[in-house]
Amino acid sequence: MLLARVLTAVLLIPGFLGILYAGGWAWFALLAILIALASLEMGRLYVCLGCDKTHLFIGFGGLILLGAAYASLYVTWSWPLAFALITTMALLGQLGLSSEQLLQRGAAICMGSLYVGLFAFLFLIRADGLAPALLAVLGTWFADTFAFFFGRAFGRTPFAPTISPNKTVEGAVAGIGGGMIAGLALAKMLQWSAWYAALAGLIVALAAELGDLVESAMKREARVKDAGSLLPGHGGILDRFDSMLFAGVAVYLLRLLR
41 MLLARVLTAV LLIPGFLGIL YAGGWAWFAL LAILIALASL EMGRLYVCLG CDKTHLFIGF
101 GGLILLGAAY ASLYVTWSWP LAFALITTMA LLGQLGLSSE QLLQRGAAIC MGSLYVGLFA
161 FLFLIRADGL APALLAVLGT WFADTFAFFF GRAFGRTPFA PTISPNKTVE GAVAGIGGGM
221 IAGLALAKML QWSAWYAALA GLIVALAAEL GDLVESAMKR EARVKDAGSL LPGHGGILDR
281 FDSMLFAGVA VYLLRLLR
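Sequential numbering from 41 applies to the sequence shown in my numbering.
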């Protein structure tokens with residue numbers, strides 16, 4: 041399991057970082073692919089919860105939000121239009137359903153679209169520069185890696201046992217430390233003071249852990265171990281990017297507040 045996890049990371053990280061460095065349409069295309077794959081996994085989770093045939097609507101909803109993120113660089117009305125389109129799509133997705141299924145399907149489409157649509161924030165922060173995107177990516181990776189290995193070695197105290205029994209307080213604290221290290225390492229590139237970069241790393245790590253817990257809660261509700269199996273040792277796209285989705289939002293907000 042650990043060997044597969046490491047090998048998958050070694051094989052995929054260079055390509056991912058290369059596309060992140062290139063930015064532009066290459067980054068946009070990668071995020072679009074990730075949204076499409078994540079929507080399939082969301083659809084399977086919803087099937088386990090008794091709500092089927094949502095993946096196409098969720099995928100289109102996520103791509104609409106990604107398109108809105110790109111358009112927002114040039115116009116101010118892209119987000120209202122995107123949410124109107126998603127609402128319309130949720131209504132269309134309920135055609136032919138019984139009254140008992142209407143609310144469930146509509147809520148699933150809207151929430152699923154918004155969730156996979158969080159990839160749009162990774163596009164927005166990359167459009168603002170390479171450094172903010174690296175903060176989200178490396179902050180997440182450092183937090184996840186520190187939490188994983190320190191938790192395995194020293195973890196004793198359960199952290200959110202009803203959601204994710206394997207997580208420990210010791211691992212979570214180590215993850216926060218990892219995020220702060222990533223922030224400090226990027227301080228000069230971000231042109232931030234050391235204290236603000238460390239604070240940003242802490243916030244990114246907390247957001248990453250929250251993202252992990254949110255996806256763990258969804259999987260627990262659906263009674264599945266992993267959202268997918270595309271990435272050996274990691275699970276699916278949602279299993280690998282759950283933390284980064286929330287970290288991207290955190291970095292976006294940090295840039296607005298700076």
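Virtual Cβ for every residue (Gly too), placed ideally from N, Cα, C.
Asked, Found
"Simplified DSSP state of leucine 239, which is helix, strand or coil", "helix"
"Segments of 4+ residues assigned as alpha helix (DSSP H) that fall wholly inside the stretch 137-222", "139-156, 159-167, 170-194"
"Chain-order list of residues whose beta-carbon lies under 8 Å from that of alanine 108 (same chain, five-residue window excluded)", "Ser118, Trp119, Leu121, Ala122, Ala160"
"Nearest neighbour of leucine 131, chosen from Gly102, Val115, Ala148 [CA to CA]", "Ala148"
"With 16 other Cβ atoms within 10 Å as the buried cut-off, status of alanine 62", "exposed"
"Any 3 or more C-beta pairs closer than 8 Å across the stretch 268-275 and the stretch 240-248", "no"
"Limits of the unbroken alpha helix (DSSP H) element including tyrosine 61", "42-62"
"Tyrosine 236 versus leucine 174 - alpha carbon distance", "16 Å"
"N- and C-terminal bounds of the alpha helix (DSSP H) containing arginine 295", "277-297"
"Boundaries of the alpha helix (DSSP H) in which threonine 128 is found, first to last residue", "118-132"
"Supposed contact pair phenylalanine 163 and tryptophan 67 - C-beta distance, whole angstroms, cut 8 Å", "7 Å"
"Glycine 85 and methionine 220 closer than 8 Å at C-beta", "Reading off the sequence shown, one finds leucine at residue 85, where the question assumed glycine. In this structure, methionine 220 does not lie closer than 8 Å to leucine 85 by Cβ."
"Residue from Ala234, Gly64, Cys88 whose Cα sits closest to the Cα of valine 264", "Cys88"
"Start and end residues, alpha helix (DSSP H) containing leucine 105", "95-111"
"The stretch 195-212 touching the stretch 225-233, judged by at least three CB pairs closer than 8 Å", "no"
"DSSP three-state assignment for leucine 270, whether helix, strand or coil", "coil"
"Span separating the alpha-carbon of alanine 72 from that of leucine 103", "6 Å"
"Simplified DSSP assignment, three categories, for tyrosine 86", "helix"
"Expected contact under 8 Å - CB spacing of leucine 74 and phenylalanine 281 to nearest Å", "7 Å"
"Beta-carbon spacing of glycine 215, phenylalanine 186 below 8 Å", "yes"
"Terminal residues of the alpha helix (DSSP H) in which lysine 36 lies", "Absent from the structure is residue 36, since the part of the chain shown begins at 41 and ends at 298."
"8 Å Cβ cutoff met for glycine 211 and glycine 195", "yes"
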